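To keep things clear, I will list the structure first and then write my remarks on it.
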Amino acid sequence: CTLSGGTCSISASGLPVGSYALAAVYAGDGTYLEGAATASASVVQAAVGVTVGTSPASPAFGEPVTITASVAPTTATGAMTIRDGGTTLGSCVLAAGACSLTTSALAVGSDDLTASYAGDANHLAGTSSARTISVGRGASSVVVTTSSAIVGSGQSVTFTVSVTPASATGTVSLQYGGAIGTCTLSG
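The opening residue of the sequence shown carries number 3 in our numbering; numbering runs sequentially from there.
Right, dumping it as structure tokens:
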């Protein structure tokens, strides 16, 4: 650096975490003798900011949801763990400060999603604030078939009711004016 008014500044960036013993050495000039001084400095892990987002913002049950976790500064490396309340949904590896995972396992109702960053040699660990999303009930489809489209009076006919998805539970009632019968879906 060039001295101006008895001062010069030298900037250093990208130093790894650790303690440093510094020595400043003045070479002297035609009027002044050389001189030296020492100082110490420590580079510590940087704090991070962690955020989490979803797409879509308000999914239906069973719909794939992409959860994106981001960390700032974007130089942070390593993995993020994504949770829904106390349940771990999975983890992803950061690239340029972000990563994502896709899941269809969110429960109907309010889901509180968080992202936790484990930290690395240069960055502290951190956890996002919870992002609450509302997961609505999923779509279903009902199909009714008969054993015979035409039956004589007094003859028996069988109606088969199919509900998808196959994991659906609850009660199905077959109605014609009043209830003809009910059955329970067990998923």
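Note that the Cβ used here is the ideal one computed from N, Cα and C, for glycine as well. Note that the coordinates shown come from a computational prediction; the quantities given were computed from them, not determined experimentally.
Q) Taking all protein chains shown into account, do 16 or more other C-beta atoms lie within 10 angstroms of the C-beta of residue 35, making it buried, or fewer, making it exposed? A) exposed
**Q.** residue 189 and residue 171 closer than 8 angstroms at C-beta
**A.** Taking C-beta atoms as the reference points, residue 189 and residue 171 count as a pair closer than 8 angstroms.
Q | Spatially closest choice to residue 109 from 63, 156, 59, 45, by CA coordinates | A | 63
**Q.** is_contact[residue 174, chain D] using C-beta, thresh 8 angstroms
**A.** Although the question refers to chain D, the structure presented lacks it and comprises just one protein chain.
Q: Work out the CA separation of residue 39 and residue 12 for me, nearest whole Å.
A: Here the alpha carbon of residue 12 sits roughly 15 angstroms from the alpha carbon of residue 39.
Q) Can you tell which of 173, 169, 89 has its C-alpha closest to the C-alpha of residue 118? A) 89
Q. Just checking my contact of residue 129 with residue 116 at CB under 8 angstroms: how many whole Å lie between their CB atoms?
A. 6 angstroms
Q: Specify the secondary structure class of residue 85 as computed by DSSP and reduced to three states.
A: strand
Q. Is residue 96 near residue 78, with beta carbons less than 8 angstroms apart?
A. yes
**Q.** residue 49 burial status per 10 Å Cβ neighbour count (16 or more: buried)
**A.** exposed
**Q.** Distance CB(residue 87)-CB(residue 122) smaller than 8 angstroms
**A.** no
Q: Quick one: measure Cβ to Cβ for residue 46 and residue 73, integer angstroms, because I've assumed they're closer than 8 angstroms.
A: Going by Cβ atoms, the distance from residue 46 to residue 73 rounds to 17 angstroms, so no, they are not a contact pair.
**Q.** Alpha-carbon to alpha-carbon, residue 41 and residue 66
**A.** 56 angstroms
Q. Cβ atoms of residue 70 and residue 112: under 8 angstroms apart, would you say?
A. no
Q. With distances taken from CA atoms, which of 27, 57, 58, 76 is nearest residue 51?
A. Looking at 27, 57, 58, 76, the one whose alpha-carbon comes closest to that of residue 51 is 76.
Q | Neighbour-count burial assignment, residue 139, 16 or more Cβ in a 10 Å radius | A | Counting Cβ neighbours within 10 Å, residue 139 comes out exposed, since fewer than 16 surround it.
Q: List the DSSP bridge partners of residue 24.
A: 41
Q. Mind checking whether residue 142 and residue 163 have CB atoms under 8 angstroms apart?
A. no
Q) To which residues of the same chain is residue 173 closer than 6 angstroms at the C-beta, ignoring the five residues directly before and after it? A) 184, 186
Q.
Can you find the residues in the same chain that come closer than 6 angstroms, C-beta to C-beta, to residue 27, ignoring five residues on each side of it along the sequence?
A. 38
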